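**Q** For my numbering, add 103 to where a residue sits in the sequence shown, where the first one is 1. The beta-carbon is built from N, C-alpha and C at its ideal position, and this holds for glycine as well. Owing to the predicted nature of the structure, the values given are computational and were not obtained by experimental measurement.
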Amino acid sequence: MLKKLLYPQGMRGATATPRPLIRLLSAGLGLLLAQQAQAQTANALAGAYTINNTLPTAGTNFTSFTDAATRLNTDGVSGPVTITVSNGPYAEQFLLADVAGTSATNTLTVNGGGRTIQFASAATAQRAVVQLNGTDYTTINNLVIDATGGTYGCGILLTNAANNDRLTNNVINADVASTSTNYAGIVTSGSTSSYTTAGVSANNLLIEGNTITGGYYSIDLYGNTTAAPNTGNIIRNNQVRDFYINGIYLGYQEGTLITGNDISRPVRTAVRSFNGIYAFGTSRGVAIEKNRIHDPFNGNPTSTS
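#1: Cα-Cα, which of 382, 152, 201, 166 is closest to residue 326?
#2: Applying the criterion that 16 or more other CB atoms from any shown protein chain within 10 Å of the CB defines a buried residue, is residue 387 buried or exposed?
#3: With 16 other CB atoms within 10 Å as the buried threshold, where does residue 399 fall?
#4: Starting from residue 174, trace the alpha helix (DSSP H) both ways and give me its first and last residue.
#5: Taking the runs of the beta strand (DSSP E) that are 3 residues or longer, which of them lie wholly in the region 263-340?
#6: On the DSSP bridge list, what partners appear for residue 247?
#7: Which full runs of the alpha helix (DSSP H) of 4+ residues lie inside the region 334-381, going along the chain?
#8: Report yes if the CB atom of residue 202 is closer than 8 Å to the CB atom of residue 154, and no otherwise.
#9: Hey, residue 374 and residue 314 are a contact pair by Cβ (cut 8 Å); roughly how many whole angstroms apart?
#10: Rounding to the nearest angstrom, what Cα-Cα distance links residue 164 and residue 318 in this structure?
#11: Helix, strand or coil for residue 141 per DSSP?
#12: Starting from residue 153, trace the beta strand (DSSP E) both ways and give me its first and last residue.
#13: Starting from residue 197, follow the beta strand (DSSP E) in both directions and report where the run begins and ends.
#14: Can you tell me the Cβ-Cβ gap for residue 305 and residue 266, rounded? I've got them flagged as a contact below 8 Å.
#15: Would residue 405 be called buried (16 or more neighbouring beta carbons within 10 Å of its own) or exposed?
#16: Leaving aside the five residues before and after residue 141 along the sequence, list all residues of the same chain whose C-beta is less than 7 Å from its C-beta, in chain order.
#17: Quick check: residue 263 and residue 237, are their CB atoms within less than 8 Å of each other?
#18: Out of curiosity, what's the CA-to-CA distance linking residue 341 and residue 185?
#19: Beta strand (DSSP E) containing residue 234: first to last residue?
#20: Can you check which of these residues, 312, 239, 229, is closest to residue 209 by C-alpha distance?
#21: For residue 303, which residues of its own chain have a beta-carbon under 6 Å away from its beta-carbon, when the five flanking residues on both sides are left out?
#22: Which of the three DSSP states is assigned to residue 227 in this structure?
#23: Please state whether the Cβ-Cβ distance between residue 199 and residue 241 is less than 8 Å.
#24: Rounded to the nearest angstrom, what separates residue 258 and residue 145 at their Cα positions?
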């Protein structure tokens, strides 16, 4: 139909010249697209915001992480966004989806300021305190994340191709007594209800300068088993402590760098076999260097497991 409008009968050949109708249609289509783009970005975030639970959600402040996530997931961003956290603690989850508009230029940064977010999960599909579900170009920095106290508990979980993210300078606490696989510090997985489900979970992820305590796994990167592995992930200069079995657990990864980490079990008493760094599956091109792995049974020196 559009072709008939643009080139009426007898005017469809190579020598056909657009009529004024064509110019009118083109102008109208351009205006329509511009209006649609404007509508999509009218409420998009750009600039500096806060999360402060002593103030209402209004203007550039959000009362809760939930309010901030709802706005980001609904309206996206139209420029770089920085969210600074104050006061607290916050008893909730921070669940980000594929935030529209994020890019290498339009990044999203959450500066925790050493404040605490905590969540005790009773549902297998709601394990994470902080979840990046397809969320790109996002930094979580200097946040205290408490994933203890629930039936399930994961500090930060990335899934569904959450790419180009940065997890830096956070303190993440998971369960230090349980022997269950329900607990972890940082996880990339193909599922929100399992830490070891194959899938394109995260690429080009930086995990740096964090202190991660507890969990069956402290850091668990689980990639794609049926196609190309996840690529370009970096685990650097972290304190990894008092996990049940696996300090850094790496499956189906390519080009991962694991460097400068301090891995130990200094005080945990409920222990089993000790895997400081464990890589398996089709993981290839993995560089493991300059890590300090020590005190595997310091909290339970008589253990024979």
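**A** In short, the structure shows the following:
#1: Of 382, 152, 201, 166, the residue nearest in Cα terms is 382.
#2: Exposed is the call here.
#3: Its Cβ being crowded by 16 or more others within 10 Å, residue 399 is buried.
#4: Looking at the DSSP string, the run of the alpha helix (DSSP H) that includes residue 174 is 168-178.
#5: Segments of the beta strand (DSSP E) lying fully in the region 263-340: 269-271, 274-276, 286-291, 309-311, 314-316, 320-325, 337-339.
#6: Residue pairing by DSSP places residue 247 opposite 219, 274 in a beta bridge.
#7: Taking only runs of at least 4 residues, no alpha helix (DSSP H) segment lies wholly in the region 334-381.
#8: The criterion of a C-beta distance shorter than 8 Å is not satisfied by residue 202 and residue 154.
#9: About 19 Å; that fails the 8 Å criterion.
#10: Straight-line Cα distance between these residues: approximately 33 Å.
#11: Caution applies to residue 141, whose pLDDT of 37 falls short of 50 and renders its modelled position unreliable; the model cannot decide the point.
#12: Here the beta strand (DSSP E) through residue 153 covers 148-155.
#13: Start and end: 197-199.
#14: For a cut-off of 8 Å, the C-beta gap from residue 305 to residue 266 is around 7 Å, short enough to register as a contact.
#15: Burial call: exposed.
#16: Confidence is the limiting factor: at residue 141 the pLDDT is only 37, short of 50, which leaves the residue's position unreliable, though a coordinate-based value still follows. Taken in chain order, the list of residues that qualify is empty.
#17: If you check the CB distance, residue 263 and residue 237 come in under 8 Å.
#18: Between the alpha carbons of residue 341 and residue 185 lies a gap of roughly 24 Å.
#19: Going by DSSP, residue 234 is part of the beta strand (DSSP E) stretching over 231-236.
#20: For residue 209, the closest C-alpha among the options 312, 239, 229 is that of 239.
#21: Taken in chain order, the residues that qualify are 264, 327.
#22: Under the three-state reduction of DSSP output, residue 227 falls in the helix class.
#23: With contacts defined as CB atoms closer than 8 Å, residue 199 and residue 241 qualify as a contacting pair.
#24: Answer to the nearest angstrom: the Cα atoms are 33 Å apart.
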